[in-house]
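So the sequence shown is numbered by this note's numbering: it starts at 14 and just counts up by one. By construction, the Cβ of each residue, glycine as well, lies at the ideal position given by its N, Cα and C atoms. Bear in mind that the values here come from a model prediction, so they are computed numbers and not experimental data. Structure record follows, encoded as structure tokens.
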Amino acid sequence: MSAGLLIEETPLSVRIARVEDDEVTALRHWFPGRADPMLGALYRAKVTDVDKRLGAVYLDLGGTKGFLRRSGPLPVVGRTLIVEVKREPIGTKGADVSDKPVLRGAMASWRIGDEEERAGPLGEDTFPPEFKAKLTPEGPIGLIDPFAPLSRLMLGLLTSEISFIEVTRADTKSRLAAGMPSDFPIDVGPARGIAEWLDAAEEEALARSHDLPGGGRLTIEETEALFAVDLDLGSQGGQSKKGAGTKLLGEALSTLGRIGGVMGLGGQVIIDVPRGAIAAPKIVRDQITRALKPLGRVSVPAVTPEGLCTIIAPRPRPSLREILTEPGTDTFPGRRFCADVIAAKAFRAAERALEENRTGQVTLFVTQRAIALLDEAGSPMHDLTARFGPRLRVEALGDGDPHGDFHVKA
């Protein structure tokens, strides 16, 4: 298997895709204006409340909340702990954390308190002393992670199978290289090409319906409580109905596993499978377990003869839909892109237009709720002005503009 990471960094966002055999299998995003704890990050936290009934304590992570389940004696209110984020905040629930934190890097892994370090996914090494120096319970509460958000995001996708990393900026390469083996290939690739990979993966993962081999269709509905998946398997000529159904079900589940890994499918998942594809519940259960490996270790508590399958999958972070979109308004119901997502998209579009048109004026029209992120003092647009000269103007769009959230005029 050929696997690598594509990393796009701008002043307004970081996007990372894991690519395996020319297919995107995972996406990660970070926006600098958001303060939610990241998976794997380390915090110095203070106990604010104890719930003996749940066997858990509530924590202040320094401006955000954490929840720690623990067997045995519970820490008292006021105690300070070093914790690792095991599940990011989702909806109204705060982050789940562990008080057995592990500092995980590309070349080493260290359970805090142990004497020795262990090998990381790309080899065996040791952490610099300054990485460990502040990982003590003493001190102000808050983030104490030695890794910057870019590296933390990348480390969540890094495994021993990764053989290359391609980035859009030279300074991104230099910062990542400091924590990687000296001979590991990190290359600066074409920004537009990397962006196209990321854009296509986002579009596919946010789509409600997906075509399947044999003329079938995969439909995924995301709700607050669960993911509902409907499989229309189409037809397969030259096979028995049951044989065709079994084959098409395997192909459909493989597609669901790949797309689910990108979109952040997890928690409770209900799949409606045509009855003709249920050769035997155990066979279907095994098919699901194999196909959904990209989601992590899944359990399949129920497969009915009628075709309803219940799956419980890990959900360590919000879905892509939750990260990139927010509820709409009474005037424009449904979901809409978050303001910082629009600003990041608009920045990339303006940068591309300035690169393609090296002499002319470029006007970026942006929806009113995102324009403040682009046009304030010290904003990223000043970076574009420094690079390309005073050729960029930013103007506001009215709500409901037919051009959408933004467009560029060159």
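Check for me: the beta strand (DSSP E) holding residue i runs from which residue to which?
i	result
I283	G280 to D285
D64	L55 to D64
I20	A16 to T23
V180	I175 to V180
D73	A69 to D73
T338	T338 to P340
L410	L405 to L410
R124	A121 to R124
P314	S312 to V316
Taking 8 Å as the threshold (C-beta atoms), are residue j and residue i in contact?
i	j	result
D396	I355	no
L244	V286	yes
L231	T259	no
G270	G247	no
D63	V90	Note that residue 63 corresponds to Val in the displayed sequence, not to Asp. Yes, the Cβ-Cβ distance between V63 and V90 is below 8 Å.
R188	L163	yes
G373	R404	yes
A220	G279	no
T410	F378	Reading off the sequence shown, one finds Leu at residue 410, where the question assumed Thr. Their beta carbons are under 8 Å apart, which means L410 touches F378 by this criterion.
L170	L55	no
L424	I301	Past the edges of the chain, shown from 14 to 423, lies residue 424, and the structure says nothing about it.
A119	T139	no
G107	G79	yes
L225	S173	no
Tell me the residue span of the alpha helix (DSSP H) that contains residue i.
i	result
A183	A183 to A190
G206	A204 to L219
P194	P194 -> no alpha helix (DSSP H), and no H or E assigned at all.
L239	Segment: none, L239 is in no alpha helix (DSSP H) and carries neither H nor E.
E369	A352 to E369
K295	P294 to A304
I384	Q381 to D388
F144	P142 to A146
T398	P393 to F401
S111	It is not in any alpha helix (DSSP H) - S111 instead sits in the beta strand (DSSP E) that spans A108 to S111.
Out of the options, which has the shortest C-alpha to C-alpha gap to residue i?
i	options	result
V180	A16, I20, T268 and E368	I20
A241	I207, D224, E209 and I324	I324
A218	T38, T23 and F345	T38
L87	D112, V98 and P102	D112
T61	L81, W43 and P307	L81
I157	L410, T380, P327 and M51	M51
S332	V282, Q300 and V375	V282
P45	T380, A352 and A220	A352
E101	V110, L94 and F401	V110
L116	R371, I301, P142 and A108	P142
A161	W43, D35 and G347	W43
E368	R288, R205 and P159	R205
A16	E22, R28, D35 and R310	D35
P307	G289, V297, G277 and P318	G277
R165	E129, R41, R66 and L239	R41
G192	M167, P203 and V297	M167
T23	L387, V421 and A423	L387
I154	P203, K99, L94 and P114	L94
R382	R371, G402, F401 and R349	R349
G273	R334, F144 and I103	R334
E319	K186, V98, P340 and R288	R288
What's the call for residue i, buried or exposed, on a 16-neighbour Cβ count within 10 Å?
i	result
G250	In this prediction, G250 has a pLDDT of 47, which is less than 50 and means its spatial position is unreliable; what the coordinates show is noted afterwards. Exposed, since its Cβ has fewer than 16 Cβ neighbours within 10 Å.
S195	exposed
A30	buried
K358	buried
G133	buried
Q252	Caution is warranted here: a pLDDT of 45 is assigned to Q252, below 50, making its placement in the model unreliable, and no coordinate value can be reported.
S26	buried
K254	In this prediction, K254 scores a pLDDT of 49, lower than 50, which makes its location untrustworthy; the coordinate-derived value is nonetheless stated afterwards. K254 is exposed by the Cβ-count criterion.
A183	exposed
T105	exposed
R330	buried
P314	exposed
R28	buried
E235	buried
E215	buried
Is it the case that the segment 358-367 contacts the segment 393-411, given that we only count it when at least three CB pairs across the two stretches are under 8 Å? Flag = yes, the segment 393-411 and the segment 358-367 touch.
For the segment 141-153 against the segment 203-220, are there 3 or more C-beta pairs whose distance is under 8 Å? Output reads no: the segment 203-220 does not touch the segment 141-153.
Please determine if the segment 66-76 and the segment 186-200 are in contact, where contact requires at least 3 C-beta pairs separated by less than 8 Å. Contact fails: fewer than three Cβ-Cβ distances are below 8 Å.
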